[in-house]
Structures are given as structure tokens and as C-alpha cells.
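Everything in the sequence shown is counted per the numbering used here, starting at 11 for the first residue and increasing by one.
Even glycine gets a Cβ: it sits at the ideal position worked out from N, Cα and C.
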Amino acid sequence: MEKAGIWFKDDKVYDVSGHFIANLDEFYSDDKWLLYREDGTIKVTETEEACLAAAKPEVDKDYHNYCVECLPEYFKDQVTTFVIPATPTYLKSVQNFGRGGIGIAFNGVNYDPPAPTHAILAAHTIAPLDDHGGHVNPHGGYHYHAVTGSTKEIVQNDTHAAIIGYAIDGFGIYTLLDKNGNKPSDLDECGGHFDDIRGYHYHAGEPGGNQIIKCLHGLPGYTEIKE
């Protein structure tokens with residue numbers, strides 16, 4: 011459980027323990043789940059080739075019913091550049107996400123759109139996040155799908171939630187809870203709102219929700235990946 015990370019369903023986070031793996035058929039009400047062998051070992055992708063075969067929309071049939079693990083060193087030569095507006099422009103219309111990162115944490119790791127759980131679960135695979143809310147795929151390298159409190163936070167001078175990074179449109183992303191443990195009550199469809207000090211900004215969603223922010227209300231920059 012300490013090594014395997016976390017998985018999510020219906021806005022809740024679950025530790026990927028041996029018990030969790032053994033009971034995926036009950037968890038998803040589907041008796042086709044079987045991520046372990048007769049000797050009790052768990053089927054995990056252990057090579058770059060296996061990672062590439064399993065971590066794609068059309069999962070290779072040989073890797074159905076696998077726990078998908080890709081390692082950062084598989085993509086160590088990949089360079090990702092984020093171009094983010096220094097002065098963000100608020101738009102009344104909602105901007106949908108592209109394929110690239112939707113923002114960036116202060117440690118340089120990108121926040122990504124929701125994990126494609128439909129494609130992952132359709133092959134009876136899971137791709138657990140680590141306890142920091144991140145995992146690796148061939149397209150974006152290491153990235154976050156959840157905010158779990160593991161990255162740098164810059165505390166505000168008032169009771170407002172701490173800032174944890176910036177969205178690709180230049181607006182700040184803040185934690186969900188403020189210093190008093192309260193959630194904002196007026197977030198829009200993207201997970202953002204205005205205040206007199208910070209202007210427009212976002213608040214990260216619950217770790218189990220598979221959505222750090224839901225869309226963009228600003229003019230986005232772009233992501234460039236070189237391999």
C-alpha cells in the first residue's frame with residue numbers, strides 16, 4: 011500500500027493495497043477484473059515496451075487486466091515547454107482543454123486534464139497515482155491529476171487558500187480549503203471565482219474528483235513537447 015499509490019472513484023480516493031487489487035471485481039461490480047496471478051503476484055507493466063502498449067487509448071490485448079506503471083526514466087529525453095501569459099485575459103466564454111497540460115505547479119510538474127478513466131477501465135486496467143497525485147504516461151511524462159497537498163504552497167496574508175501554481179491561461183490555482191478549512195461557495199463551472207485581492211482565480215478540486223480544474227476562463231497559452 012505504501013508503494014502502490016492511490017486510485018479514485020466517485021470523488022473518493024482509495025489506497026491501492028493488495029486487498030484493493032484482490033477485490034476490484036466487487037469494487038466495479040464486474041467479474042472480469044483479475045489483476046493478479048494464481049501465485050498472488052500482481053500483473054504490472056515492468057518495461058518501457060509494456061508501458062507503451064498499455065498506456066494508450068486502445069490498450070494492447072496482452073495488457074488487459076494489468077496495473078499500468080510507466081517510469082520517468084522511460085521519457086527522460088522529453089522536454090516540455092509551457093507558455094503561460096504573464097498578464098491573463100479573462101474571457102466570459104469557457105475554453106476547453108487541449109491535449110497538453112492545463113497548468114503547472116511551483117515545482118515545474120504540470121497539472122493535466124482528467125485521466126481518461128473510460129479507456130483505462132474498459133481494458134480492466136488501472137493506472138494508479140502516487141501519493142502526490144501524479145503518474146507517468148508517454149505523452150506528458152510525469153504529471154498530476156490530483157492535488158493532495160504534496161507540492162509547494164504559498165500562504166496568503168489573509169485567510170484565503172494558498173496558491174499552488176498557475177493555470178495555462180495565467181490565472182492562479184489555489185487549494186480548495188482556506189485557513190479555516192472552508193470551501194468556496196461560489197465557484198463557477200471551471201472551478202474559479204473573483205475576489206478583490208486576487209481577481210479571478212481557480213481552486214483545485216477534491217483529489218478523488220479527477221479534475222483539478224474543469225475548464226478555462228482565460229485565453230490559454232500553449233504546451234510544446236519535444237522528444
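Check                                                                                                                                                     : Outcome
Based on DSSP bridge pairs, tell me the residues matched to H153.                                                                                         : N120, H145
Quick check on DSSP: helix, strand or coil for K42?                                                                                                       : coil
Quick check on this structure: which residue in L81, I183, F181, G159 has the alpha carbon closest to the alpha carbon of E58?                            : L81
Which residue spans inside the region 64 to 126 form an unbroken beta strand (DSSP E) run of at least 3?                                                  : 89 to 93, 100 to 105, 113 to 115
Looking at the strands, I want to know which residues DSSP matches up with A177.                                                                          : G113
Under three-state DSSP, which class holds E56?                                                                                                            : coil
Less than 8 angstroms between the CB atoms is what I'm expecting for K162 and N117, so what's the real figure, rounded?                                   : 6 angstroms
Between which residues of its own chain and D179 is the CB-CB distance below 8 angstroms, once the five residues before and five after are set aside?     : I94, P95, P98, T99, Q105, L226, H227, G228, L229, P230, G231
Does any residue of chain B bring its CB to less than 7 angstroms from the CB of T91?                                                                     : As a matter of chain content, chain B is missing from the structure shown, which is built from one protein chain.
Considering G28, what are the terminal residues of the alpha helix (DSSP H) in which it resides?                                                          : 28 to 32
Quick one: any contact between the region 183 to 200 and the region 123 to 142, if contact means 3 or more CB pairs under 8 angstroms?                    : no
Who are the Cβ neighbours of F92 in its own chain at under 6 angstroms, not counting the five residues just before and after it?                          : I114, T233
In this structure, does DSSP put H128 in helix, strand or coil?                                                                                           : helix
Can at least three beta-carbon pairs, one atom from the region 198 to 206 and one from the region 141 to 155, be found at a separation below 8 angstroms? : no
Quick check for students: name the residue ranges of the alpha helix (DSSP H) that lie wholly in the region 162 to 222, counting only runs of 4 or more.  : none
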